[in-house]
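Asks:
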Amino acid sequence: MTAGSVAAGRRGSWLPTWPLIGAKLLDLRKRRILMAVTAAFTVGLPVLFYGVRLIYNLADPAQYGPAGTPGAFATAGTLMDEFGLIVAVMLGATAGTPDLADGMFRHLVITGRSRLALYLARIPAGLSILLPLAAAGFTVACLVTGFLHSPLPAGAVTPSPGAMTGAGLWLELDLIVGFTVGAGLGSLMGQRTVPVILLIVLEIIITPALADHALPGFVNGERLVVGVAMDQLKPAALAGGITVGPGGGPRQLHLPPMPTWAVAAVIGAWIAGWTAIGAWKMINRDA
Amino acid sequence: MSLLGLPVPAERGRALTRVGAIVDEPRFHGHLTGRENLQILAAARGGDADRQIGPALDRTRLTQRAGDKVSAYSMGMRQRLGLAACLLADPQLLILDEPMNGLDPVGMHEMRDLLRDLTGEGRTVLLSSHLLDEVERSCDQVAIVDHGKVIRQGPISELTGGAGAAVEVQCSDPPAAARALGQAAAGSRIALTEDGLGLTVTLAAAPAREQIAKINRRLVDAGISVYSLRQTHARLEDWFLSVTSRLGDDQ
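In structure tokens, the structure reads:
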């Protein structure tokens, strides 16, 4: 077998290579506005939130409590969740569409590289930007909560390191879901604006509505909405102590709590399903 | 159907290993530099394509601007970057769609030289263009595609040779010359030039030197002063129009 045929064989593989992932990472990280927005919403937001609390506390400790209360941790987590999800969807949709919009798709197809590998390379590339930034932002929240909590209000307990880790993992999972759904929808629609709007509507309007209100004839179909499933897993540390779902809380659903396996199945199906849809569209797109 | 001896689409991946192509206007990520765009394409190509980036930039004379964002490139520079992207594959076959688009005269000259160099290295360059003058200058062989079908193909000289050739005549009395030649030269077409100072004799076959001498003799015998006789070759465009149905066809 010649070197050329070995290279050709690798090109036909559906597995993305490290150079392919690195190339997509290069494309994404050089998008300065996108990177600035991602950093602002993942790291900047908790820094700003706790920075303001810290300044208030230092200026007037009698009126403003410590920066790192459990309540503040839950609020920071909610902010990071909501805005982080928007950024994740944006990043996913951006990872999924610019090859087409910028005219690079045709160049890439001509190389003979497996289109599935080209699509799958976007996922680790995008997540390698998103997840470390989100982890850095969340670390800020954990450090402030762990070290700048004194004196705590009566009855309040600082979340344990284990609870904080669980909350961080939940946040990261939420961002992975947002990214993969954004990438899949972006690939399907061939653009990024509409997918971002659709997923914001899903998260901000449709999910709370379905979680709070029973729809006649819907046969508990709300359970299939990823936001509802994610809420079931939400750790108590991010829910201000409210515990409902297997993860601890927070939303009081109108339907019985979902078992953990069902929650995992719904979340896994959303990630795998939208990845499959995005890849299918890429494979079948006219170059 | 086969490509470079390999059946496609069954062996598409292997066949494309040695194919470089620019289809339509070459477009790239505008926020990345020329070199970074090539890095992305080299990563998709795999193998040692990344080692071809420097030589490809050199060859297309983009090395000096390789660190600039593509959004600042002119159309001609993007064309050259497209060609550099093709060269990453060390291609046996290059398929170029309108590669002269957007190039200034110097750029067109350089592109022509580059294509000639590439064919000189034993590579095949398939150039698709509507600029028939450019095709005539750059290519050895042509294929005419009309309504999606190849209707003629072969070496340009053979194809245009079959379309006939012409002799331009400058003389003292063009109308009389047309009459004198018209009576004798069956099968040829004679027309006065627009300025009325000469005539064009179009012959069914390429004129041999003897045919030109024969025209001269006939005019002199008719008492017409001949100022010049100039043989002209049929151009590719003329031949194209003679064999396709495109003239006057809006489709």
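Heads up: the sequence lines are chains A and B, in that order.
So for the first sequence, this note's numbering puts the first residue at 1; every next one is plus one.
So for the second sequence, this note's numbering puts the first residue at 1001; every next one is plus one.
Glycine included, every Cβ here is placed at the ideal spot set by N, Cα and C.
Please decide whether L1032/B counts as near chain A, where near means a Cβ-Cβ distance under 8 Å.
Replies: So, interface residue.
Asks: What does the alpha-carbon distance come out to for the pair G190/A and A76/A?
Replies: Taking the straight line from one Cα to the other gives about 34 Å.
Asks: Which residue's Cα is closest to the Cα of V1167/B: I1212/B, L1118/B and G1005/B?
Replies: Ranking the options by Cα distance to V1167/B, first place goes to I1212/B.
Asks: Identify every run of the beta strand (DSSP E) within the stretch 1004-1082 of chain B, keeping only runs that are complete inside it and at least 3 residues long; order them along the chain.
Replies: Listed in chain order, the complete beta strand (DSSP E) runs (minimum 3 residues) inside the stretch 1004-1082 of chain B are 1019-1022.
Asks: Relative to the C-alpha of R1230/B, which candidate in L1241/B, E1237/B and T1202/B has its C-alpha closest?
Replies: Of the candidates L1241/B, E1237/B and T1202/B, the one whose C-alpha sits nearest the C-alpha of R1230/B is T1202/B.
Asks: What is the DSSP secondary structure of I242/A, counted as helix, strand or coil?
Replies: Only weak support is given to the placement of I242/A: the predicted model assigns it a pLDDT of 45, under 50, and the value that follows is read from those uncertain coordinates. Three-state result, I242/A: coil.
Asks: Return helix, strand or coil for E1194/B, following the three-state DSSP convention.
Replies: Coil at E1194/B, not helix or strand.
Asks: How would you call R32/A, buried or exposed, if buried means at least 16 neighbouring beta carbons within 10 angstroms?
Replies: Per the 10 Å Cβ criterion, exposed.
Asks: Please name the residue in R1217/B, R1123/B and G1034/B whose C-alpha comes closest to that of G1067/B.
Replies: Checked all of R1217/B, R1123/B and G1034/B; the closest Cα to G1067/B is G1034/B.
Asks: In whole angstroms, give me the CA-to-CA distance for G68/A and A141/A.
Replies: Going by the C-alpha atoms only, they are around 8 Å apart.
Asks: Do you know how far the Cα of D1104/B is from the Cα of L1094/B?
Replies: Approximately 22 Å, taken between the alpha carbons.
Asks: Based on the DSSP output, what are the partners of A1143/B in its beta bridges?
Replies: Answer is Q1153/B, bridged to A1143/B.
Asks: Alpha carbon to alpha carbon, how far is G249/A from A167/A?
Replies: Because the pLDDT of G249/A is 48, which lies under 50, any placement of that residue in the model is unreliable, and the number read from its coordinates should be weighed accordingly. Rounded to the nearest angstrom, the two C-alpha atoms are 11 Å apart.
Asks: In the DSSP assignment, the beta strand (DSSP E) including Y1227/B goes from what residue to what residue?
Replies: Segment V1226 to T1232, the beta strand (DSSP E) holding Y1227/B.
Asks: Quick check on DSSP: helix, strand or coil for L20/A?
Replies: Three-state result, L20/A: helix.
Asks: In chain A, what lies closer than 7 Å to F1253/B by C-beta?
Replies: The structure shown does not extend to residue 1253/B, since chain B is modelled only from 1001 through 1251, so no value can be given for it.
Asks: Classify S1129/B as helix, strand or coil using the three-state DSSP reduction.
Replies: Three-state DSSP puts S1129/B in coil, outside helix and strand.
Asks: Please state if the CB of A93/A and the CB of I21/A are separated by a distance shorter than 8 Å.
Replies: No. Outside cutoff.
Asks: Are the CB atoms of L1114/B and P1026/B within a distance shorter than 8 Å?
Replies: No.
Asks: Exposed or buried, which one is H107/A when buried takes at least 16 other CB atoms within 10 Å?
Replies: The residue is buried, with at least 16 neighbouring Cβ atoms inside 10 Å.
Asks: What's the gap between the Cα of A74/A and the Cα of A237/A?
Replies: Cα to Cα, A74/A sits roughly 6 Å from A237/A.
Asks: With 8 Å as the C-beta to C-beta threshold (strictly closer), list the residues of the stretch 194-218 of chain A near chain E in chain order.
Replies: Included in the structure are the protein chains A and B, with no chain E among them.
Asks: Which residue marks the beginning of the alpha helix (DSSP H) containing D1090/B, and which one marks its end?
Replies: Careful: D1090/B lies outside any alpha helix (DSSP H) and carries neither H nor E.
Asks: Whether or not the stretch 49-66 of chain A and the stretch 112-130 of chain A are in contact is what I'm after, with contact meaning three or more pairs of Cβ atoms, one per stretch, closer than 8 Å; do they touch?
Replies: The answer is no - the stretch 49-66 of chain A does not touch the stretch 112-130 of chain A, with fewer than three Cβ pairs under 8 Å.
Asks: For N1037/B, does the count of other Cβ atoms within 10 angstroms reach 16, so buried, or fall short, so exposed?
Replies: Classification of N1037/B: buried, given that the 10 Å Cβ count is 16 or more.
Asks: Can you tell me where the alpha helix (DSSP H) holding F83/A begins and where it ends?
Replies: Its alpha helix (DSSP H) spans residues P70 to G96.
Asks: For the stretch 116-166 of chain A, which segments carrying the alpha helix (DSSP H) assignment without a break, of at least 4 residues, lie completely within its bounds, in sequence order?
Replies: For the stretch 116-166 of chain A, whole alpha helix (DSSP H) runs of length 4 or above, ordered along the chain, are 122-147.
Asks: On the DSSP bridge list, what partners appear for A1166/B?
Replies: Answer is T1202/B and T1232/B.
Asks: Give the range of the alpha helix (DSSP H) segment to which Q63/A is assigned.
Replies: Premise fails: Q63/A is in no alpha helix (DSSP H) and is neither H nor E.
Asks: What are the start and end residues of the alpha helix (DSSP H) that includes Q232/A?
Replies: Counting along the chain, the alpha helix (DSSP H) containing Q232/A begins and ends at V226 to L233.
Asks: So which residues of chain A does Q1039/B contact, with C-beta pairs closer than 8 Å?
Replies: Near Q1039/B (Cβ distances below 8 Å), the residues of chain A are A23 and L26.
Asks: For a contact meaning CB atoms closer than 9 Å, what does P19/A contact in chain B?
Replies: Those within 9 Å of P19/A in chain B are Q1039, A1042, A1043, A1044, G1046 and D1050.
Asks: Using beta carbons (cut-off 8 Å, strictly below), is A1021/B in contact with chain A?
Replies: It does: the Cβ of A1021/B has a partner Cβ on chain A nearer than 8 Å.
Asks: Counting only beta-carbon atoms, is P98/A nearer than 8 Å to chain B?
Replies: Closer than 8 Å: yes.
Asks: Any beta carbon from chain A within less than 8 Å of E1036/B's own beta carbon?
Replies: At least one chain A Cβ lies under 8 Å of E1036/B.
Asks: Give the residues from the stretch 1060-1086 of chain B that approach chain A closer than 7 Å (Cβ to any Cβ), ordered along the chain.
Replies: Within the stretch 1060-1086 of chain B, the qualifying residues are A1085.
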